[in-house]
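One structure is given below, encoded as structure tokens.
There are 2 protein chains.
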Amino acid sequence: MSGQTPLLGRAILGLLLQQPLSGYDIRRIFTQTPMATFSDSPGAIYPALKRLEADGLVRGRTERSTGLRQRRLFRLTPAGRAKFEHWLTAPVTRDDVVRDTEELMLRFSFMDIGVGEAASVRFLRALQHELQVYIPELNRYLGSHGPEMPRSGRLALESGIRSYEALLQWTRHALTTYGKHQKGGK
Amino acid sequence: MSGQTPLLGRAILGLLLQQPLSGYDIRRIFTQTPMATFSDSPGAIYPALKRLEADGLVRGRTERSTGLRQRRLFRLTPAGRAKFEHWLTAPVTRDDVVRDTEELMLRFSFMDIGVGEAASVRFLRALQHELQVYIPELNRYLGSHGPEMPRSGRLALESGIRSYEALLQWTRHALTTYGKHQKGGK
DNA sequence: AGTATCATGTAAGAGGTTACATGATTTT
DNA sequence: AAAATCATGTAACCTCTTACATGATACT
């Protein structure tokens with residue numbers, strides 16, 4: 210019943226798509242892998258799992274197979290899987306590109322497993338398109354306002370542009386790795 | 210008295226360093242410039258200004274020079290300027306690089322004006338150093354875990370690495386523009 | 001016996017989102 | 001007269017951070 214799951218919830222859903230995990234497992238993933246952009250705070254993770262469970266997206270079961278303290282292993286429910294797939298296949302908007310590339314990349318990272326390689330290719334094409342529109346806009350802004358900006362301000366803007374350009378180059382690289390799946394048509 | 214000002218507060222402080230602005234001016238900046246990563250929501254901006262004022266970092270004065278509705282023009286106080294400079298000169302940590310490059314770039318964008326070009330050069334060197342440590346770590350992770358990851362997951366990680374590499378190249382570019390200020394020493 | 005690791009959770013407070021509310025002036 | 005623009009603000013709700021609390025098992 211709650212609105213849109215926040216990024217942390219999506220990340221957890223994606224991890225659970227691959228295998229059942231406990232809250233503690235998730236914390237370890239967030240401390241020990243490049244998913245370290247997420248907080249490993251128990252005050253974030255356990256309430257997030259609770260919400261996901263209340264929304265019927267995951268279900269946790271207490272296990273004590275090993276002699277350790279009880280741990281609750283969480284699995285995706287069919288509703289959770291559906292909601293996750295819905296997120297993965299949402300269109301790539303300009304707003305996503307401007308405000309939240311991090312979310313876009315998180316989505317993409319789960320895409321092959323979640324909804325298949327054809328969807329990954331569609332995503333890459335859409336992202337490429339948005340970047341090809343947005344980058345020139347940033348360059349026009351730099352051209353008209355750059356001269357009057359302080360040097361570090363101008364450089365910071367250039368850094369942003371370069372980072373979008375790197376992303377655009379990456380989409381091309383990524384598309385070639387999916388090469389044989391690409392269709393010719395518009 | 211409150212803890213650390215959130216990013217939005219810092220951004221506002223930085224804008225006010227350059228000129229006095231109203232809440233509405235700030236909203237327009239966030240909708241019409243590359244600072245669009247910030248929300249232009251009045252529910253974010255007006256409370257933020259209120260907090261900054263309560264903390265003594267800015268002071269707002271009602272003006273009605275033009276015949277329009279009253280507008281409150283905000284200016285930095287000396288305490289606000291001091292706090293802002295303190296933020297600008299904070300060390301660049303590994304955690305900043307992993308979790309919040311956006312904050313780093315926001316800091317840098319105000320650096321010339323806030324604390325001078327020498328500080329900008331120090332910042333760039335420190336950032337360069339952290340990147341030179343972190344990028345190889347990510348590459349090691351990719352080398353050991355990449356083969357077992359789904360294609361889109363691996364590509365997403367590669368995208369992250371490329372984006373850090375682009376940032377590293379940018380630090381070199383930026384340092385050359387400050388060229389004459391660089392010292393030879395260690 | 002003490003410490004590290006595994007493991008789950010809560011409480012208070014801060015700050016953001018969305019939506020609503022208001023009101024003056026300028027343009028059509 | 002209506003709509004657009006300028007302009008400021010509040011209220012409910014949600015989620016995250018920080019800090020605390022608890023407890024079992026394994027290692028030294």
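Protein chains in written order, with my numbering: chain A, 210 to 395; chain B, 210 to 395.
Ideal placement from N, C-alpha and C gives every residue a C-beta, glycine not left out.
So with CB distances below 8 Å, who are the chain A contacts of residue i?
i, result
"residue 249(B)", "Under the 8 Å cutoff, chain A gives no residues; its nearest Cβ is about 11 Å from residue 249(B)."
"residue 307(B)", "245, 246"
"residue 386(B)", "360, 364"
Across which residues does DSSP place residue i in a beta bridge pair?
i, result
"residue 386(A)", "Bridge partners of residue 386(A): none, in fact."
"residue 353(A)", "For residue 353(A), which the question treats as bridged, DSSP gives no partner whatsoever."
"residue 271(B)", "281(B)"
"residue 230(B)", "283(B)"
Under 7 Å Cβ-Cβ, which residues of chain A neighbour residue i?
i, result
"residue 359(B)", "321, 322"
"residue 291(B)", "Neighbours of residue 291(B) on chain A: none; closest Cβ ~20 Å, over 7 Å."
Taking C-beta to C-beta, are residue i and residue j nearer than 8 Å?
i, j, result
"residue 371(B)", "residue 379(A)", "yes"
"residue 323(A)", "residue 294(A)", "yes"
"residue 218(A)", "residue 257(A)", "yes"
"residue 235(A)", "residue 254(A)", "yes"
"residue 233(B)", "residue 270(B)", "no"
"residue 286(B)", "residue 303(B)", "no"
"residue 340(A)", "residue 373(A)", "yes"
"residue 226(A)", "residue 319(A)", "yes"
"residue 363(B)", "residue 369(B)", "no"
"residue 310(A)", "residue 377(A)", "no"
"residue 214(A)", "residue 360(B)", "no"
"residue 288(B)", "residue 247(B)", "no"
State the CB to CB distance for the pair residue i and residue j, rounded to an integer number of angstroms; the pair is presumed to be in contact (CB under 8 Å).
i, j, result
"residue 231(B)", "residue 282(B)", "6 Å"
"residue 216(A)", "residue 367(A)", "28 Å between Cβ atoms; not a contact."
"residue 383(B)", "residue 333(B)", "5 Å"
"residue 298(A)", "residue 328(A)", "6 Å"
"residue 245(A)", "residue 300(A)", "Wrong, their Cβ atoms sit about 29 Å apart, outside the cutoff."
"residue 229(A)", "residue 284(A)", "5 Å"
Could you name the residues of chain B that residue i contacts, counting a contact when the two beta carbons are closer than 9 Å?
i, result
"residue 371(A)", "375, 376, 378, 379, 382"
Span of the beta strand (DSSP E) holding residue i?
i, result
"residue 285(A)", "280-285"
Taking C-beta pairs closer than 8 Å, name the residues in chain B that residue i reaches, listed in chain order.
i, result
"residue 365(A)", "314, 315, 317, 318"
"residue 347(A)", "243"
"residue 231(A)", "Chain B residues near residue 231(A): none, gap ~21 Å exceeds 8 Å."
Could you give the first and the last residue of the continuous alpha helix (DSSP H) run that contains residue i?
i, result
"residue 218(A)", "216-227"
"residue 247(B)", "Premise fails: residue 247(B) is in no alpha helix (DSSP H) and is neither H nor E."
"residue 317(A)", "310-318"
So with CB distances below 7 Å, who are the chain B contacts of residue i?
i, result
"residue 329(A)", "361"
In chain A, which residues lie less than 9 Å from residue i when you measure between Cβ atoms?
i, result
"residue 353(B)", "By Cβ distance, chain A contributes nothing, its closest Cβ being about 11 Å from residue 353(B), past 9 Å."
"residue 350(B)", "242, 243"
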